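For the sequence shown, the residue numbers in this note's numbering are 141 to 526.
Have a look at the structure below before the remarks.
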Amino acid sequence: MKTPDTLLHNLITSPAGKQAADVVSERHDLVLLFDCAKSNPNGDPDTGNMPRVQPDSLKGLVTDVCLKRKIRNFFSLYSPHSLPTSLWVDAQDRQGYSVFIRENAVLQESMEAEDVAVDAERIFNAYTNPEKGKWKRPAKGKAADSEFIARAFRDALCARYVDLRAFGGVVSTEGPLKGSFYGQVRGPLQLTFAESLDKVLPLDATITRCAVASVKEQQQAATSEEEGANRTMGRKHGIDYGLYRCHIHFSPAFAAKTGFSYYDLDNFLFALQHMFDDDHAAGRHLRLVGLVDFEHQSSLGNAPAHKLFELVKVQGVVEQKDSRTVFKSSGSEFPRSLSDYCGGAPDGEMHVRAGKVLFGKNGEGVAVIRARRVVWEIPPAAPTSA
141 MKTPDTLLHN LITSPAGKQA ADVVSERHDL VLLFDCAKSN PNGDPDTGNM PRVQPDSLKG
201 LVTDVCLKRK IRNFFSLYSP HSLPTSLWVD AQDRQGYSVF IRENAVLQES MEAEDVAVDA
261 ERIFNAYTNP EKGKWKRPAK GKAADSEFIA RAFRDALCAR YVDLRAFGGV VSTEGPLKGS
321 FYGQVRGPLQ LTFAESLDKV LPLDATITRC AVASVKEQQQ AATSEEEGAN RTMGRKHGID
381 YGLYRCHIHF SPAFAAKTGF SYYDLDNFLF ALQHMFDDDH AAGRHLRLVG LVDFEHQSSL
441 GNAPAHKLFE LVKVQGVVEQ KDSRTVFKSS GSEFPRSLSD YCGGAPDGEM HVRAGKVLFG
501 KNGEGVAVIR ARRVVWEIPP AAPTSA
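As structure tokens, then:
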């Protein structure tokens, strides 16, 4: 796919002199906030699919791979032009935004696909290093014969698969990159675990099915004297409510290696906005309530990420009752809805002075960081009385 000359969603602003197809050269740090109500945000298979919980604080957890899966699912359903896959005109609409880690995929087959080999040969021929040698396509299951051929396959895979370009992956197991340094692809986008701001109240419901799965099971139920023997019992786990916070770090150094462009970053923010829209299920209801992007001026960053994250302040609306901290709305130790929280986040230009992040431009009229409130639905804090 030829990258368009302009951004599609305009959730970022390309720096002066940069095009949408250019590799992102500035550092970004993001704060992602989402909530979960009466459902299971991320079950743990080791505990019977119960919600993941920190054992000491009882705060809820959602893993980074869970969030990456939702982003991959979004790109599986929609093209970069936000069109459903059923409306894609041809294969060109998918090129560059295919998903590498997908259900039931055989990764070796994806790496050794004919179109990937064709792209790798084209990329290899474009290298100007006189020591690159001649192109030789690796045999099935065999590693590439030279460093340049391996590099060409890595670049071809990153150009075709958006999740490799964004998150990286290990593709040095079987196929052309087997045992190669270039098979250790480190992506520019790294997500942390999401943790709830407060402890969550686990829910555990017993459910029944009034039908049987087979004739054999029907016959066993008919001969049983137990009442309701034809019913199958099960359990459904969840939490009452939780507001989760995740941090995302973007490294332009790794973006240069995978070819992650401004067009990709714009689409990634769009995917974050909508990754929960088609993910609803009977036992899973997540909603994005906050997304803040801190764009630095330099590739190394103009302020430590933790100082920027401290500017995104969200807290519970609580009070003291019987020597306990409880939420005002319910008198409970557990939150019930988004209205139990308040907070704010910066939006605009910032500068750094004496190690402190300050709003606006500095005395020379320069701003080295720009904050964007892409999404913000958290209620503001009530004004305090004098």
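We put the CB at the ideal spot given by N, CA and C, even for glycine.
Fair warning: this is a prediction, and the values are worked out from it, not measured in the lab.
Three-state secondary structure assigned by DSSP to residue i
{"i": "Val164", "result": "coil"}
{"i": "Leu159", "result": "Contrary to the premise, residue 159 reads as Gln rather than Leu in this sequence. Here Gln159 sits in coil by DSSP."}
{"i": "Pro392", "result": "helix"}
{"i": "Gly503", "result": "coil"}
{"i": "Cys350", "result": "coil"}
{"i": "Arg305", "result": "helix"}
{"i": "Phe434", "result": "strand"}
{"i": "Val508", "result": "coil"}
{"i": "Phe215", "result": "helix"}
{"i": "His446", "result": "helix"}
{"i": "Lys376", "result": "strand"}
{"i": "Asp145", "result": "coil"}
First through last residue of the beta strand (DSSP E) which encompasses residue i
{"i": "Thr203", "result": "Here Thr203 belongs to no beta strand (DSSP E), and DSSP marks it neither H nor E."}
{"i": "Gln330", "result": "Leu329 to Leu331"}
{"i": "Asp537", "result": "Any question about residue 537 goes unanswered here, given that the chain covers just 141 to 526."}
{"i": "Gln324", "result": "Gln324 to Arg326"}
{"i": "Phe467", "result": "Arg464 to Phe467"}
{"i": "Arg192", "result": "First-last for Arg192: undefined, no H or E at that position."}
{"i": "Glu527", "result": "This structure does not reach residue 527, given that the chain is present from 141 up to 526, and the question cannot be answered."}
{"i": "Ser312", "result": "Neither: Ser312 is in no beta strand (DSSP E) and is coded neither H nor E."}
Same chain, Cβ closer than 7 Å to residue i, five either side skipped, listed in chain order
{"i": "Phe307", "result": "Lys208, Gly327 and Leu329"}
{"i": "Asn442", "result": "His436, Val492, Val508 and Ile509"}
{"i": "Arg513", "result": "Val432, Ala485 and Asp487"}
{"i": "Val506", "result": "His491"}
{"i": "Asn502", "result": "His491 and Arg493"}
{"i": "Gly423", "result": "Ser179, Asn180, Lys376 and Gly378"}
{"i": "Pro185", "result": "none"}
{"i": "Leu405", "result": "Ile152 and Val164"}
Spatial neighbours of residue i in its chain, beta-carbon cut-off 6 Å, leaving aside the 5 residues before and after
{"i": "Gly323", "result": "Val311, Ser312 and Leu317"}
{"i": "Val229", "result": "Summary for Val229: the model assigns pLDDT 47, below 50, so the residue's position carries little reliability; its value from the coordinates is reported in the next sentence. Once the five neighbours on either side are set aside, Val229 has no close Cβ partner at all."}
{"i": "Ala526", "result": "Low local confidence applies: a pLDDT of 46 at Ala526 is under 50, so the model's placement there is unreliable, with the coordinate-based value given in what follows. Result list for Ala526: empty, nothing under 6 Å."}
Check: residue i C-beta below 7 Å from any heavy atom of the ligand SAM
{"i": "Val310", "result": "In the structure shown, the ligand SAM is absent, as is every other ligand, since no ligand is present at all."}
Residue i: first and last residue of the uninterrupted alpha helix (DSSP H) it sits in
{"i": "Thr363", "result": "Val355 to Thr363"}
{"i": "His414", "result": "Tyr402 to His414"}
{"i": "Asp295", "result": "Glu287 to Arg300"}
{"i": "Leu478", "result": "No alpha helix (DSSP H) holds Leu478; DSSP gives it neither H nor E."}
{"i": "Gln248", "result": "Leu247 to Met251"}
Whether residue i touches residue j by CB criterion (8 Å)
{"i": "Leu448", "j": "Asp204", "result": "no"}
{"i": "Ser470", "j": "Glu166", "result": "no"}
{"i": "Val302", "j": "Gly236", "result": "yes"}
{"i": "Ala521", "j": "Met490", "result": "no"}
{"i": "Gln82", "j": "Cys482", "result": "There is no way to answer for residue 82, as the model of the chain reaches only from 141 to 526."}
{"i": "Val239", "j": "Ala395", "result": "no"}
{"i": "Phe288", "j": "Asn269", "result": "yes"}
{"i": "Arg291", "j": "Cys298", "result": "no"}
{"i": "Leu198", "j": "Val352", "result": "no"}
Sequence-distant residues of the same chain with beta carbon closer than 8 Å to residue i, five excluded per side
{"i": "Arg464", "result": "Glu473"}
{"i": "Ser154", "result": "Leu147, Ala160, Asp162 and Tyr402"}
{"i": "Val248", "result": "The residue you asked about is not Val; residue 248 is Gln in the sequence shown. So the list reads Gly281, Thr313, Glu314 and Gly315, once near-sequence residues are dropped."}
{"i": "Asn189", "result": "Asn180, Gly183 and His377"}
May I ask you to verify whether the stretch 205-212 touches the stretch 268-278, counting CB pairs closer than 8 Å and requiring at least 3?
Between the stretch 205-212 and the stretch 268-278, the count of Cβ pairs shorter than 8 Å is below three; the stretches do not touch.
Evaluate the contact criterion for the stretch 378-386 versus the stretch 170-177: three or more CB pairs, one atom per stretch, below 8 Å.
Three or more Cβ pairs drawn from the stretch 378-386 and the stretch 170-177 lie within less than 8 Å of each other, which places the two stretches in contact.
Flag this pair as touching only if the stretch 298-316 and the stretch 341-353 have three or more C-beta atom pairs under 8 Å; answer yes or no.
no
May I ask you to verify whether the stretch 429-449 touches the stretch 184-195, counting CB pairs closer than 8 Å and requiring at least 3?
Judged by Cβ distances under 8 Å, the stretch 429-449 makes no contact with the stretch 184-195, as fewer than three pairs qualify.
Determine contact between the stretch 371-381 and the stretch 471-479, defined as no fewer than three beta-carbon pairs at a distance below 8 Å.
yes
If contact is defined by three or more beta carbon pairs under 8 Å, each pair taking one atom from either stretch, is the stretch 408-417 in contact with the stretch 149-168?
yes
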